[in-house]
Each structure stands twice: as C-alpha cells, then as structure tokens.
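> A single structure is presented below for examination.
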Amino acid sequence: MYRGSLVNIRHQSIHDMSKLAEFMCTPRYIETHVYDDPRFAYKEGLEKKFKERMEKHDHNELHMVIETVDSKVIGAIGIDGNFWKNGLTWMYSYIGDVEYLEGGYHEEAIELMLEFLFTEGNARKIKVNIPSNDQYGLSAYMTKGFTTEVVFMEDVLCHGKYIDTYDMCIFKDEYMKTYKLQKMGQ
111 MYRGSLVNIR
121 HQSIHDMSKL
131 AEFMCTPRYI
141 ETHVYDDPRF
151 AYKEGLEKKF
161 KERMEKHDHN
171 ELHMVIETVD
181 SKVIGAIGID
191 GNFWKNGLTW
201 MYSYIGDVEY
211 LEGGYHEEAI
221 ELMLEFLFTE
231 GNARKIKVNI
241 PSNDQYGLSA
251 YMTKGFTTEV
261 VFMEDVLCHG
271 KYIDTYDMCI
281 FKDEYMKTYK
291 LQKMGQ
C-alpha cells in the first residue's frame, strides 16, 4: 500500500470488484472510457477477469484501487502495458465516485503511482491516453507534469460525434527533478 494525505493506493482484491463494477456502469465512466469493452462492467465479469489475472501473473500489468484514507474505494489506477526493455509503461486511472472528482484525490493517486513506477518499477517514460471529453482526467495528469505527445483527431465515437484523444507522457528525469524540488520546498 502506498499512502498519501488524501488517498492510498493498494492492490485490487476480489472484494473490490463489485464497487469497481458499480463505477464502470455510471454514465460518466462509460462516456469517458471510450475504449473500454462493456462486457466486464458487471461484477461477475470483473471477478472472472480478476481471477484470470491472478492465475496469469502478468508482470506487464498492475491493478490497484484508489481509496480514501478512511478506506472508501473511490477509483482505480494501474498499468496495463509495460515494455521493460524500453522502460515504457502505459498507465490508467479514474475516479469513479463523483464526490471525489475535485479536491486533489486523483492528482495524489497519480503522484503515488508515479513515485512507485519511477523509483521501484524502473520506468523511464509513462504514457496515458485520455479522450478530450475527460476534463477531470486531463487536468489531473497535466497537474502532475504530463505533457501532450500526440493528439489523435476525431479518434473515437462518443454520442454520435467523433472526439479527439490525447497521448500524454512524463519522463522519469522530469518527474524526479520536480519531485526533488517539491520535497526540498517542504
């Protein structure tokens, strides 16, 4: 478990699947996760997927929950692609409980994950893909130092209209410089 002042991130358990399924069935999640396959949005499907991941022991994936300091699950964060040779990792995150969209919860979860991936995971570059209609996600990643690498114009269909998606990234050197400066300022 990685602890912050607002949130903790910890490995997902089978007991988290019903709460994550609840989040994945909300209109906000469906609208802002344009690549997701809805077949795992139900508790049973997520439980099955969780068990398959546990049996597979895939070192290219890491799935965690974001919870408040009083242990309320409010979202998920992790990596779903890791290319060890190149030091490149694909990250994802979301806040499913709309009460926690503002207030720095998402930003702190991202910071905890970055610290882990850059210091213990030996990542060199972390990438995310965010649709243009996820303003909370875009803002959270930009606040933590991610910059836009590529804009895919009219990339995905959402409510009958094609919207852009952004490939964003952060490099270890940039993060460590900023992180050390922040720590020195405290």
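When the sequence shown is numbered by our numbering, its final residue is 296 and no position is left out of the sequence of numbers. Every residue gets a Cβ at the ideal spot worked out from N, C-alpha and C, and that includes glycine. Keep in mind that this is a model prediction, so the values were computed, not measured.
(1) Considering only residues of the same chain and omitting the five flanking positions on each side of K129, which have a CB-CB separation below 6 Å?
(2) Taking the continuous alpha helix (DSSP H) assigned at S115, which residues delimit it?
(3) If you compare alpha carbons, which of G155, E284, F228, T136 is closest to M201?
(4) Can you tell me whether S242 is helix, strand or coil according to DSSP?
(5) Output the residue ranges of the beta strand (DSSP E) runs that lie fully inside the segment 160-216 and measure 3 residues or longer, sorted by chain position.
(6) Candidates F256, V266, T275, Y276: which alpha carbon is nearest Y285's?
(7) In chain order, what residues of the same chain have a beta carbon less than 6 Å from the beta carbon of E247, not counting five sequence neighbours either side?
(8) Could you give the first and the last residue of the continuous beta strand (DSSP E) run that contains E259?
(9) With three or more beta-carbon pairs closer than 8 Å as the criterion, would you say the segment 111-121 touches the segment 206-220?
(10) Please state if the CB of Y204 and the CB of A233 are separated by a distance shorter than 8 Å.
(11) Cα separation between D180 and Y210?
(12) Taking Cβ positions, are D277 and E259 nearer each other than 8 Å?
(13) Going by DSSP, which residues form a beta bridge with M134?
(14) Per DSSP, which one or two residues make a beta bridge with K271?
In short:
(1) Residue numbering aside, residue 129 sits at position 19 when the sequence shown is read from its first letter. V183, listed in sequence order.
(2) Here the question's residue 115 lines up with position 5 in the sequence shown. Counting along the chain, S115 sits inside no alpha helix (DSSP H), nor does DSSP assign it H or E at all.
(3) Taking the sequence shown and counting its residues from 1, one reaches residue 201 at position 91. Ranking G155, E284, F228, T136 by Cα distance to M201 puts F228 first.
(4) The sequence position of residue 242 within the sequence shown is 132, counting from 1. Three-state DSSP puts S242 in coil, outside helix and strand.
(5) Correct list: 172-178, 183-193, 198-205.
(6) Numbered from its first residue, the sequence shown carries residue 285 at position 175. Closest option to Y285, Cα to Cα, is F256.
(7) Indexing the sequence shown from 1 puts residue 247 at position 137. Note that residue 247 corresponds to Gly in the displayed sequence, not to Glu. Only I240 meet the Cβ criterion.
(8) Locating residue 259 in the sequence shown gives position 149, where the first residue counts as 1. In the DSSP annotation of this structure, the continuous segment of the beta strand (DSSP E) that includes E259 starts and ends at 257-268.
(9) The answer is yes - the segment 206-220 touches the segment 111-121, with three or more Cβ pairs under 8 Å.
(10) Working through the sequence shown from its first residue, we reach residue 233 at position 123. Working through the sequence shown from its first residue, we reach residue 204 at position 94. No.
(11) The sequence position of residue 180 within the sequence shown is 70, counting from 1. The sequence position of residue 210 within the sequence shown is 100, counting from 1. Cα-Cα distance, rounded: 13 Å.
(12) As a first step, residue 277 must be located in the sequence shown, where it is residue number 167. As a first step, residue 259 must be located in the sequence shown, where it is residue number 149. Yes; because the gap between Cβ atoms is below 8 Å, this pair is in contact.
(13) The sequence position of residue 134 within the sequence shown is 24, counting from 1. Here M134 is not bridged, per DSSP, to any residue.
(14) Here residue 271 corresponds to residue number 161 of the sequence shown, with the count starting at 1. DSSP output for K271 lists C268 as bridge partner(s).
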